[in-house]
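For the sequence shown, our numbering begins at 4 and goes up steadily by one. Built from N, CA and C at the ideal position, the CB exists for glycine as well.
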Amino acid sequence: MNAGSKPALFVFWDVEQAPIGELTRQADGATSFRYLPGAGARRPISHSLPLDDGEREHPGTFFENLLPDGIQRERLARRLGVSDASTFAMLEVVGGDCAGALTVARWPLAVRARATPRPLDEALLRKLLETGVVPTVVSEGLRLSLAGAQDKLPVVLRDGTLALPEGRAASTHILKLPNRDFPGLVDNEHFLLELARDAGLPVVRSVRWPLPAAGRERFGLLVERFDRAGGRRLHQEDLCQATGMPPSRKYQADSGPSLLDVVAVLDAASTEPRDIAQLVRWQAFNVATGNNDGHAKNLSLRREPAVCLAPAYDLVCTRAWDSLSKDLAFGVAEVRDGGAVGPVAWSRFAEEARVGRRLVLDAVAQVTTAVAERATAVANAVIEAGADERAVSRALECVRRCARRALRLAELERPPVRAPARRRPKRATR
Ligand SMILES: Nc1ncnc2c1ncn2[C@@H]1O[C@H](COP(=O)(O)OP(=O)(O)OP(=O)(O)O)[C@@H](O)[C@H]1O
Ligand SMILES: [Mg+2]
């Protein structure tokens, strides 16, 4: 342990066992991490943090990525009265239940071993909706943190009702709340998740969840966590963490990771031969549905039981709002205008990624065609099931425009049939 005067936070796979790492606050305010020597750290916490014997201090980038981003991070810092650069101070308060398996806490633990889950009642829901999740989490003494800029709360779903994960309990779901600045966001995301599932992508399970405290009945989106099973936390990391980037660089345009960087991580770490095709299908879906917010924190790796791409989550037709970026978060061979991404760009991507061009073009064609053919039926089904017609129709209009444009470009740029490019031996099966 760090016996010096620097205050330390500890990192646990399991709070019932010894810590596996330590976070310290440096004199300049920066947070750093090191593995603790010993058997506890038998597996690395990130692709960007290979195991060592604790002799190295690493920047706290991985941990910064566990905290909310953007405006939510600013709110958290303001609520705690600390600088929004202080990853350490924020994790000290909210680092109990995070994305993935790790818990960050003082040691010995001052956290109750078992707590009865507290129902998410109407009064608390009203507070969450009016005050915002981050300030409410802090004032209620909850130790919960999730990345992302939208208001969302990790919850436990038990017997059809929602409760708060108190003490050492792990959340099972994420409740994403409506956003006043983007009316219809919940139903837009719900529609896109359903459309992605219909198009055959692996997608998180989600359901619209009534929020009676909102006055007239409004809905949140309840998303099942892919990093929880039977009350256990399973490890995951997003592609900022895997590439060692801070959340401020989640967009490629901010010198963040590119799709080729993601391919390199999958090449080195994934045990799933179909991951490259899944990555291509995810990005083709973003292009065909006008989702320009598919950035490096909206793409994750499961790390348990083996490393592979996690199911798709946070799919939104961002083109439905004129105020949002018109450019893709990840370029395809540097093409960031979704309307210009066709077989030429995808073929260049295949060449640069050393992946079979046929595999890429077939994956793109399958997803684009499925989106174009199925969007209206899926939209009607979600409206029929209760989603807001205006929100879904607005998203549908944009999706149809993007998908049609992608199909037209595919016709115009249809490449001559050639033998697939040679690939590196490691990916010979992909
Ligand atoms: N179903 C899930 N299971 C496990 N972790 C998830 C799941 N959905 C989201 N996450 C984690 O929570 C983070 C925030 O979720 P999400 O991306 O949906 O929020 P957001 O606020 O809408 O994000 P953004 O800032 O990109 O708009 C993700 O980056 C991911 O780490
Ligand atoms: Mg997100």
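Asked                                                                                                                                        : Found
Since Glu25 sits in a beta bridge, which residues does DSSP pair it with?                                                                    : Phe13, Arg37
What residue range is occupied by the uninterrupted alpha helix (DSSP H) comprising Gly334?                                                  : Segment 330-335 is the beta strand (DSSP E) holding Gly334; no alpha helix (DSSP H) there.
Leaving out five residues before and five after Arg417 in sequence, what residues of the same chain have Cβ atoms less than 8 Å from its Cβ? : Pro346
Grouping DSSP H, G and I as helix and E and B as strand, with all else coil, what is Pro215?                                                 : helix
Give me the Cα-Cα distance between Gly99 and Arg171, rounded to the nearest whole angstrom.                                                  : 7 Å
With a Cβ-Cβ cutoff of 8 Å, do Phe194 and Ala398 count as a contact?                                                                         : yes
Counting beta carbon pairs with one atom in the stretch 242-260 and one in the stretch 273-284, are three or more of them shorter than 8 Å?  : no
Ala108 lies in the beta strand (DSSP E); which residues open and close that run?                                                             : 106-108
Suppose contacts are defined by Cβ-Cβ distances below 8 Å. Is Pro138 in contact with Arg82 by that definition?                               : yes
Among Gly57, Leu304, Arg46, Ile48, which has the Cα closest to the Cα of Leu39?                                                              : Gly57
Could you work out which residue in Ile386, Thr372, Asp278, Pro250 is closest to Arg76 when comparing CA atoms only?                         : Pro250
Of all the options Asp241, Ala336, Gly293, which has the alpha carbon lying nearest to the alpha carbon of Leu263?                           : Ala336
How big is the Cα-Cα spacing for Leu167 and Gly73?                                                                                           : 24 Å
Pull up the DSSP beta-bridge partners for Gln244, would you.                                                                                 : According to DSSP, Gln244 bridges with nothing at all.
Just reading off the beta strand (DSSP E) that Ser51 is part of, what are its end residues?                                                  : First-last for Ser51: undefined, no H or E at that position.
Could you give the residue range of the beta strand (DSSP E) that holds Phe222?                                                              : 221-227
When a residue counts only if its C-beta is closer than 5 Å to some heavy atom of ligand 2, which residues count, in chain order?            : Gly151, Asn301, Asp317
Who are the Cβ neighbours of Lys300 in its own chain at under 8 Å, not counting the five residues just before and after it?                  : Asn68, Asp72, Ala150, Gly151, Asp241, Leu242, Cys243, Pro250, Lys253
Do Leu149 and ligand 1 come close, with the Cβ less than 7 Å from some heavy atom?                                                           : yes
Let's see if you can read the secondary structure: which residues bound the alpha helix (DSSP H) around Lys300?                              : Unbroken run through Lys300: none, as it is neither H nor E.
In terms of DSSP beta bridges, what is Leu147 paired with?                                                                                   : Asp100
Considering only DSSP beta bridges, list what His238 is partnered with.                                                                      : Beta-bridge pairing links His238 to no other residue.
How big is the Cα-Cα spacing for Ala245 and Lys130?                                                                                          : 35 Å
On a CA-only basis, which of Leu52, Gln29, Ala126 is nearest Phe91? Give me that one, please.                                                : Gln29
Is Ser303 near ligand 1, judged by its Cβ being under 7 Å from some heavy atom?                                                              : yes
Flag Val107 as yes when its Cβ comes closer than 7 Å to any non-hydrogen atom of ligand 1, and as no otherwise.                              : no
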